[in-house]
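Here is the structure we will look at, set down as structure tokens.
Residue numbers (the working numbering), protein chains in the order written: chain A, 68 to 364; chain C, 27 to 311.
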């Protein structure tokens, strides 16, 4: 009886419940990311994959330089740095979207989370924290590889730290918002997350000036690139690190403050849109009974 | 009619039915979710286009854009082998289908063969759409003076590649979450060593003798020589080929036999191991 009363009296506020959900799901996410193997293999896995991704560009650049193409080192720095930080888009954005399919189809736990007092949005944000930690590790390793093995001229004293930290915080917030939008779509789709994630990555990879200046695109492509916050995020990262900045003719006339302002405004706009998409996906999935859908082709 | 009176199909007929039965959901069933056409064919083209623009920004010779398009098209098959062949057995185990396959009176190779056949269908749609976009949007021009050699290279690349996928499937059958992570790990590093976005001979130009051995080592992955051979066929006269075409074809034939042989034996071995250790029905590890 006493236990029952205590249980009934335990009614934390919504804010506390959300914080608890966030903490537990962040811990759960970290366990799922890392405890599938021993720490050594996990470290190897976390290092090999991002470095291989960067080396593809290194080899492409080296081959074309050797046969007389563009061998401007600033172009190489541009590609390397942007590609390195683009890992956040690849891992965090799609990691968030993938949680839906993982929970719904693989572990089949989504319905249980829904019937618990947890808020699914808080849960998703918590789960994405582990992706953020793993990706940060990969970015640091890749940048270190670039500095020590490929001669990228970056020193801790040449970085504009205030700009870098502000831009990183806004950028990661923006990427997570995009992830929530994708998660909203994932509520309604079959097990297509591979193609969808790859495709959305392709949009950003193609239009945000990740591995080539935006000005290389046709005029309509440049116009589209200029409404995507990731374009400004990467440009500001390059400026704060002073690597490959000023190479993109499409952004060279835009001051750092204007870039920052556009990044903030577009992040707010995309966050509102992302929350609407997430909510709509969640509502329609419940209406259509898709919360426990499994699609095994 | 009593059960005993039903004609019992021969072993061959049963296995052919199994192949088509497993291919069916991937060819017909998947079309009930037509969103895959958009997700699997249109969206991945954008990533390939990104690499095309890298070469444009680097002012590379025109054939490099063609190389990227061909590599981009072939990623469809590699992704299919990784995620829908190798990792599929892990997924089937998680979904509870694996035990059904194991109690059916059919060869496991038939089930995997059906998966391969069905997977090749959707991958081919994606690959062809990549080539089509490459020709229409980026204006690449391909010539095919020796269609027989091209066909031979392509067919044996597919046999060797899907044979490799079947072999991996046996490993993945016993793995837990590491299966997912291993497939993920085999993406970028294989794109790098197999030369998906540049000719694999580039390693030799860059690094000399060690580069040759990197390319030679990567040739154990059938798509390395398959890609190189197809690029040589579609861009005749270029000097970016790693090995002579006839040698690449011969190696691919040998790899096809090797991987199918290894797949059969590793499947039997892993199944027995799984039975002994009680891991064939373990889920959510």
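Quick reminder that beta carbons are idealized off the backbone N, C-alpha and C, glycines included.
From a predicted model like this one, the values you see are computed outputs, not experimental measurements.
- Rounded to whole angstroms, the separation of the alpha carbons of residue 120 of chain A and residue 154 of chain A is 9 angstroms.
- When the five nearest sequence neighbours on each side are left out, the beta carbons in the same chain lying within less than 7 angstroms of the beta carbon of residue 248 of chain C are those of 183, 186, 187, 190, 278, 281, in order along the chain.
- Ranked by how close their Cα comes to the Cα of residue 225 of chain C, the residues C/290, C/33, C/255 have C/255 in first place.
- About 6 angstroms separates the beta carbons of residue 226 of chain A and residue 307 of chain A, which is inside the 8 angstroms limit, making them a contact pair.
- Close to residue 50 of chain C, with beta-carbon spacing below 7 angstroms, lies no residue of chain A; the smallest spacing is near 10 angstroms.
- If you check the CB distance, residue 158 of chain A and residue 93 of chain A do not come in under 9 angstroms.
- Taking a C-beta distance under 9 angstroms as the contact criterion, residue 169 of chain C and residue 262 of chain C qualify as a contact pair.
- When the beta-carbon positions are compared, residue 238 of chain A and residue 304 of chain A come within less than 9 angstroms of each other.
- Residue 222 of chain A sits in coil when the DSSP states are folded into three classes, being neither helix nor strand.
- Under the 10 Å beta carbon count, residue 245 of chain C is surrounded by 16 or more other beta carbons and is classified as buried.
- For residue 236 of chain C, the nearest beta carbon of chain A is not closer than 9 angstroms to its own beta carbon.
- With respect to the C-alpha of residue 67 of chain C, the residue from C/95, C/209, C/204, C/153 having the closest C-alpha is C/153.
- Separation of residue 202 of chain A and residue 328 of chain A (C-alpha to C-alpha, rounded to the nearest whole angstrom) is 26 angstroms.
- Look at the beta carbons and you see the region 134-144 of chain A touching the region 84-103 of chain C: at least three pairs across the two are nearer than 8 angstroms.
- Residue 125 of chain C is classed as exposed because its beta carbon has fewer than 16 other beta carbons within 10 Å across all chains shown.
- For the region 73-103 of chain A, the residues whose beta carbon sits under 8 angstroms from a beta carbon of chain C are, in order, 99, 103.
- Assignment of residue 169 of chain C by DSSP, reduced to helix, strand and coil, places it in the coil class.
- Taking CB atoms only, residue 210 of chain A has no neighbour in chain C less than 9 angstroms away.
- Sequence-ordered contacts of the region 216-248 of chain C with chain A read 217, 218, 223, 224, 228, 231, 232 [C-beta pairs closer than 7 angstroms].
- For the C-beta of residue 188 of chain C, not a single chain A residue is nearer than 9 angstroms; the gap to the nearest is close to 17 angstroms.
- Counting along the chain, no alpha helix (DSSP H) covers residue 34 of chain C, and no H or E run does either.
- Contact of residue 28 of chain C with chain A is not assigned, every C-beta pair being separated by 9 angstroms or more.
- Any Cβ of chain A closer than 9 angstroms to the Cβ of residue 83 of chain C would place that residue at the interface, and such an atom is present.
- Rounded to whole angstroms, residue 356 of chain A and residue 183 of chain A show a C-alpha spacing of 17 angstroms.
- Contact annotation, residue 95 of chain C with residue 53 of chain C: C-beta distance approximately 25 angstroms; criterion of less than 8 angstroms not satisfied.
- Here residue 141 of chain C is actually not in contact with residue 293 of chain C; their C-beta atoms are around 13 angstroms apart, not less than 8 angstroms.
- Between residue 79 of chain C and residue 90 of chain C a beta carbon distance of about 12 angstroms is seen, past the 8 angstroms cut, so the two are scored as non-contacting.
- For residue 126 of chain C, no chain A residue has a C-beta closer than 7 angstroms to its own C-beta; the minimum C-beta separation is roughly 12 angstroms.
- Contact with chain A is absent for residue 282 of chain C, since none of that chain's Cβ atoms lies less than 9 angstroms from the residue's Cβ.
- With respect to the 9 angstroms criterion, residue 249 of chain A and residue 161 of chain A are classified as neighbours on the basis of their beta carbons.
- Residue nearest to residue 205 of chain C within the set C/46, C/108, C/305, C/63 is C/108 (criterion: CA-CA distance).
- Separation of the CB atoms of residue 255 of chain A and residue 352 of chain A is rounded to 6 angstroms, and the pair is thereby assigned contact status at 8 angstroms.
- Under the 9 angstroms criterion on CB atoms, residue 302 of chain A is classed as non-interfacial with respect to chain C.
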